[in-house]
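Colleague:
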Amino acid sequence: MYIKNIHIENFRNFQYIDIPLNQFTIIIGENDTGKSNLLDAIRLVLNNNGLQYFSRSLSITDINEESVERFQNYLQENAKEISEKLEDKDFMKSVYKKIPIVKVKITFVDAKTEYQKQLLKDWINLSEDDEICFEVEYAYAPCKLRDFIEECLFLQDKVENFMIPVEKYEYRIYSVNNSKSINKDKVKNFNISIINAERDTFSESDKQYSYKLVSSLIERSITKEDRAQIEDSYNKFFDEIQDIKSFKKIFEKIQENKKFENLKDFIDEIQLIPNFPNLKNIFTNINIGYGEEFLYQKGLGTRNFMYLILLFSYFQNNDKTFDFLCIEEPEAHLCVNNFNLVLDFIKKSVEVKNDFMQLLITSHNPKVINKLKLNNVVVLKNGKAISLKQVDDKLVNYLAKRPNFDILKILFAKRLILVEGPTEEMFINTFLDKEVESLNEIEVIAIGQKGYKTFLDIWLQIHKEDSTSCIGVVRDFDNQPNAKQEHQTYDDENENIFVRTTEGYTLEDDLAATGKNETVIKDYFETQEAASKFLKDSKADNMRRLCEAIAENEIIIELPKHIGEIIECVKNY
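Going by this note's numbering, the sequence shown opens with residue 2, and the numbers climb by one from there.
#1: Go through its chain and collect everything with a Cβ distance to Val-575's Cβ below 8 Å, but skip five positions before and after it.
#2: With hydrogens ignored, establish whether the beta-carbon of Glu-199 is closer than 7 Å to any heavy atom of the ligand ATP.
#3: For Lys-372 versus Leu-326, is the C-beta spacing smaller than 8 Å?
#4: With Ile-4 and Leu-22 assumed to form a contact (beta carbons below 8 Å), what rounded beta-carbon distance in angstroms separates them?
#5: Hey, how far is the Cα of Glu-199 from the Cα of Ile-551?
#6: Asn-286 CB to nearest chain C CB: under 8 Å?
#7: For a quick check, are the C-beta atoms of Thr-108 and Glu-136 less than 8 Å apart?
#8: Inspect the CB distances between the stretch 136-156 and the stretch 80-95 and report whether three or more fall short of 8 Å.
#9: Going along the chain, which residues of its own chain have a beta-carbon closer than 7 Å to the beta-carbon of Lys-299, five neighbours each way excluded?
#10: Could you spell out the range, first to last residue, of the alpha helix (DSSP H) harbouring Leu-400?
#11: At the level of alpha carbons, what is the spacing between Phe-238 and Val-167?
#12: Helix, strand or coil for Phe-340? Go by DSSP, reduced to three states.
#13: Any idea if Ile-196 is buried or exposed, counting beta-carbon neighbours within 10 angstroms, 16 or more meaning buried?
#14: What residue from Gly-30, Ser-182, Asn-319 and Lys-415 has the CA that sits closest to Ser-222's CA?
#15: Taking the beta carbon of Asp-33 as the centre, do at least 16 other beta carbons fall within 10 Å, making it buried, or is it exposed?
#16: Go ahead and pull the three-state DSSP assignment for Leu-315.
#17: With H, G and I counted as helix, E and B as strand and the rest as coil, what does DSSP make of Glu-205?
#18: I want to know whether the stretch 485-494 touches the stretch 534-548 - three or more CB-CB distances under 8 Å.
#19: Three-state secondary structure (DSSP) at Lys-368?
#20: Mapping DSSP to helix, strand and coil, what is Pro-331?
#21: Using the rule of at least 16 other Cβ atoms within 10 Å of the residue's Cβ for burial, across every protein chain shown, is Asp-324 buried or exposed?
#22: Taking Cβ to Cβ, would you say Asn-11 is nearer than 8 Å to Lys-90?
#23: By DSSP's criteria, Leu-417 is part of a beta bridge. Which residues make up the other side?
#24: To the nearest angstrom, how far is it from the Cα of Leu-120 to the Cα of Phe-191?
#25: Measure the Cβ-Cβ separation of Ile-429 and Ile-347 and say whether it is below 8 Å.
#26: Less than 8 Å between the beta carbons of Tyr-139 and Val-46, yes or no?
#27: For Glu-136, write down the residues that DSSP places opposite it in a beta bridge.
#28: In whole angstroms, what separates the C-alpha of Lys-208 from that of Arg-304?
#29: Going by C-alpha distance, which of Asn-6, Asn-14, Tyr-172 and Ile-443 is nearest Glu-132?
#30: Go through its chain and collect everything with a Cβ distance to Leu-581's Cβ below 8 Å, but skip five positions before and after it.
#31: Please state the DSSP three-state secondary structure of Arg-57.
#32: Could you give the distance in angstroms between the alpha-carbon of Lys-390 and the alpha-carbon of Lys-562?
#33: In this structure, how does DSSP classify Leu-120 when only helix, strand and coil are distinguished?
#34: Taking the alpha-carbon positions, what's the Ile-446 to Arg-416 distance?
Pasting the structure below:
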């Protein structure tokens with residue numbers, strides 16, 4: 002079983018959003034798009050498993066600001082009518098719909114075993130596609146509507162920008178199919194654990210969170226035989242203590258005093274007997290070591306590397322409760338080698354099927370996406386969630402072979418130009434770097450292949466209706482008129498896509514044929530060869546030399562028409 006969808010209303014930056022998930026999902030987005038808020042929203046519904054405290058009661062800052070403002074305006078415009086109709090139940094229902102109520106609905110699917118179906122049976126429902134699912138919802142809303150509205154009307158009359166009285170809110174978790182509240186014992190079967198990006202406190206001292214994690218890890222895995230062995234070892238430990246002379250000297254002064262001689266037989270019967278503590282108390286005194294040092298004495302990267310491994314160990318073999326594991330920015334604090342190890346560890350752990358564990362990762366690192374596959378990605382953008390589950394397998398495999406390719410720049414750069422190879426990238430960047438009148442925010446990326454359509458299709462999924470972003474494509478004609486027309490269609494049908502193709506076979510041909518470039522290049526490099534042939538020979542090296550000469554103002558080169566147009570279109574969009 003796994004969570005297929007999360008529906009959120011009025012929580013922080015989310016007004017209304019549905020976020021589709023897979024058994025393994027990578028969430029990406031720019032800063033402030035709500036990646037951390039998504040994790041906190043899930044925590045409102047699922048159990049926090051005792052490892053981390055999180056309050057389900059919210060503050061005013063947790064309620065979507067725009068929804069709050071809209072409600073305040075509604076009250077201001079309709080205060081008189083509302084105050085006159087407080088007894089009108091139908092009217093008050095319409096008022097209730099205007100209140101900013103926080104909701105988080107989680108949809109489970111794919112319960113395979115009878116045990117899983119038993120865990121979820123009370124929440125059974127039908128989706129819009131008539132698919133059997135299991136839905137549970139958290140709601141944070143006023144508990145008494147009239148009291149809440151009267152308080153709001155009073156505050157509005159006294160304060161211009163009044164604060165919504167959230168003290169009159171309360172939360173409940175209930176089954177969507179019948180609105181019955183769910184008790185805490187039921188929710189305990191569905192856990193969430195979050196490895197935050199700010200995970201420095203995990204083991205930064207000898208009394209930190211690692212104690213609790215290790216203690217819980219041992220408790221979960223210990224057997225009856227282990228418990229018996231611990232008790233036996235604890236008793237032996239006390240036997241050794243009883244033989245320590247210092248303990249025998251406790252009553253020495255009394256025994257030496259002849260006035261207390263009649264107490265001697267009584268004192269001889271006094272012994273130290275082990276008061277066997279709760280096992281949990283023993284485990285909390287156990288911490289992690291690495292080599293011959295405590296973990297808290299190691300560097301931050303090593304500590305967090307261990308943290309990731311421990312959490313996976315904690316949940317990997319569980320088959321009784323559902324565990325939703327979230328890792329914020331697995332790349333945080335890790336050196337190159339440890340980062341590669343963590344990625345490989347996550348990749349292979351995901352491949353081990355576990356129907357009781359679901360994994361969600363948030364990241365800003367393209368290597369995470371390329372290594373763990375683009376079709377597992379969900380993009381948060383402009384209050385929407387876009388799943389890339391249906392992305393072309395060819396692109397997924399291409400990125401897996403190029404783990405350092407920065408797919409994030411393609412997905413999020415506001416002004417982007419795609420080119421085929423490094424020579425075009427070098428040439429265009431040389432001219433962009435010479436711009437002195439404004440800051441250059443155009444990203445030029447060489448995709449290393451001739452086909453741009455797959456990249457454009459992905460880009461359109463995210464930016465189709467985005468008036469703030471645009472993309473340009475610079476391509477070689479290569480004597481392929483059909484391919485030229487296929488790419489030109491993207492330009493014709495989308496206002497924020499610009500496609501330009503060379504007139505000649507390649508960039509070098511158009512570059513040499515533009516203005517006086519042929520003569521300038523031949524004279525500067527003192528060659529009798531045609532400029533296009535010269536540039537194609539030792540292609541990357543000769544283009545590098547040409548770009549260096551342009552950058553140093555040693556020669557003046559006129560931009561080929563197709564590149565000049567792309568730069569202008571993207572720059573002025």
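Using N, Cα and C, we set each Cβ at its ideal position, and we do this for glycine too.
Modeller: Walking through what the data contain:
#1: In this structure the chain extends from 2 to 574, so residue 575 is not present and cannot be described.
#2: Of the ligands one can find in the structure shown there are none, so the ligand ATP has no counterpart to examine.
#3: no
#4: 5 Å
#5: 46 Å
#6: Note that chain C does not occur in the displayed structure, where there is just one protein chain.
#7: yes
#8: yes
#9: Tyr-291
#10: Note, Leu-400: alpha helix (DSSP H), 394-402.
#11: 55 Å
#12: helix
#13: Counting Cβ neighbours within 10 Å, Ile-196 comes out buried, since at least 16 surround it.
#14: Comparing alpha-carbon positions, the option among Gly-30, Ser-182, Asn-319 and Lys-415 lying closest to Ser-222 turns out to be Asn-319.
#15: exposed
#16: First, the amino acid is wrong: residue 315 is Tyr here, not Leu. In the structure shown, Tyr-315 sits in a helix (DSSP, three-state: H, G or I).
#17: At Glu-205, the pLDDT of 49 sits below 50, so the modelled position is not reliable; the number obtained from the coordinates is stated separately. In this structure, Glu-205 counts as coil in the three-state DSSP scheme.
#18: no
#19: helix
#20: coil
#21: buried
#22: The Cβ atoms of Asn-11 and Lys-90 lie no closer than 8 Å to each other.
#23: Listed as beta-bridge partners of Leu-417 by DSSP are Glu-444 and Ile-472.
#24: 9 Å
#25: no
#26: In contact: Tyr-139 and Val-46 (Cβ atoms closer than 8 Å).
#27: Thr-108
#28: Per-residue confidence for Lys-208 stands at a pLDDT of 48, beneath the threshold of 50, marking its modelled position as unreliable; the derived number appears in the next sentence. For Lys-208 and Arg-304, the distance between alpha carbons rounds to 14 Å.
#29: Asn-6
#30: The requested residue 581 does not occur in the structure, where the chain is confined to residues 2 to 574.
#31: coil
#32: 38 Å
#33: Under the three-state reduction of DSSP, Leu-120 is assigned to helix.
#34: 11 Å
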